[in-house]
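Below is one structure, written out as structure tokens, with a few remarks after it.
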Amino acid sequence: MIQLTHSDQKACMLENFPLCYAAGNVYYQGSYYGGPSNTLCLPNDPELSNRTTPGNSFIYDTEYQENFFGTKSLDEDVPCAVCRNPNSSSSLMIPGRKTCYAGWQNEYYGYLASGCSTCKASSFICVDVQPEYIPSGERNDNGHLLYMVGTKCGALPCPPYHDKLELYCVVCSK
């Protein structure tokens with residue numbers, strides 16, 4: 020599987036890779052020292068949950084922090100696009116949606132989760148809407164803890180997103 024997240028839609032076209040989806044910005048939880056360390060590309064057409072989040076983990080936009088990237092790029096939001104190599108089988112997790120785009124097989128959907136904003140570094144993962152549990156695993160060891168990821172207006176464009184809602188996610192294959 021080869022999945023490429025580019026800084027813009029043009030890069031996919033230059034490599035002759037089909038576009039999986041294009042989005043407005045790259046997103047990351049970077050305002051705190053903890054939480055997830057990987058970067059996501061959220062779609063422009065989210066499918067929103069109606070569940071509010073308690074606020075342990077939020078998702079924010081990504082900005083260029085230097086003019087090195089381009090003239091007047093300082094503080095500009097970073098665009099993104101996800102494309103695939105048509106010669107490889109692919110699977111991808113799409114944050115902010117619970118259904119796959121046309122031509123993709125839905126493997127499962129659920130909610131986006133991560134460590135908390137004050138926890139050690141973690142990753143964003145998609146937890147099945149009907150999660151399984153390990154038998155006799157209900158001890159409260161407080162190891163690696165998962166929290167729902169919520170939206171934060173101002174950092175995210177609202178609309179199409181809404182403040183403090185938990186994010187769906189879907190895992191798709193082709």
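Per my numbering, the sequence shown starts with residue 20, numbered consecutively.
Yeah, the Cβ is synthetic: ideal placement off N, Cα and C, and Gly gets one too.
Computed from a predicted model, the values in this text were never measured in an experiment.
With distances taken Cα to Cα, identify the nearest neighbour of residue i among the options.
i: residue 138; options: 64, 174, 66, 76; result: 76
i: residue 63; options: 73, 116, 86, 92; result: 116
i: residue 69; options: 187, 171, 146; result: 187
i: residue 108; options: 145, 124, 120, 95; result: 124
i: residue 172; options: 79, 114, 164, 101; result: 79
i: residue 148; options: 99, 185, 92; result: 185
DSSP three-state label for residue i, please.
i: residue 125; result: strand
i: residue 61; result: coil
i: residue 174; result: coil
Assign residue i to one of two classes, buried (16 or more other C-beta atoms within 10 Å of its C-beta) or exposed (fewer than that).
i: residue 152; result: exposed
i: residue 189; result: buried
i: residue 89; result: exposed
i: residue 177; result: exposed
i: residue 164; result: exposed
So if DSSP puts residue i in a beta bridge, which residue, or which two residues, is it bridged to?
i: residue 114; result: 188
i: residue 169; result: 77, 185
i: residue 120; result: Its beta-bridge partners do not exist; DSSP assigns none.
i: residue 132; result: 144, 167
i: residue 72; result: BP columns for residue 72 are empty, so no partner.
Completely contained alpha helix (DSSP H) runs for the region 134 to 159, where each covers 4 or more residues: none
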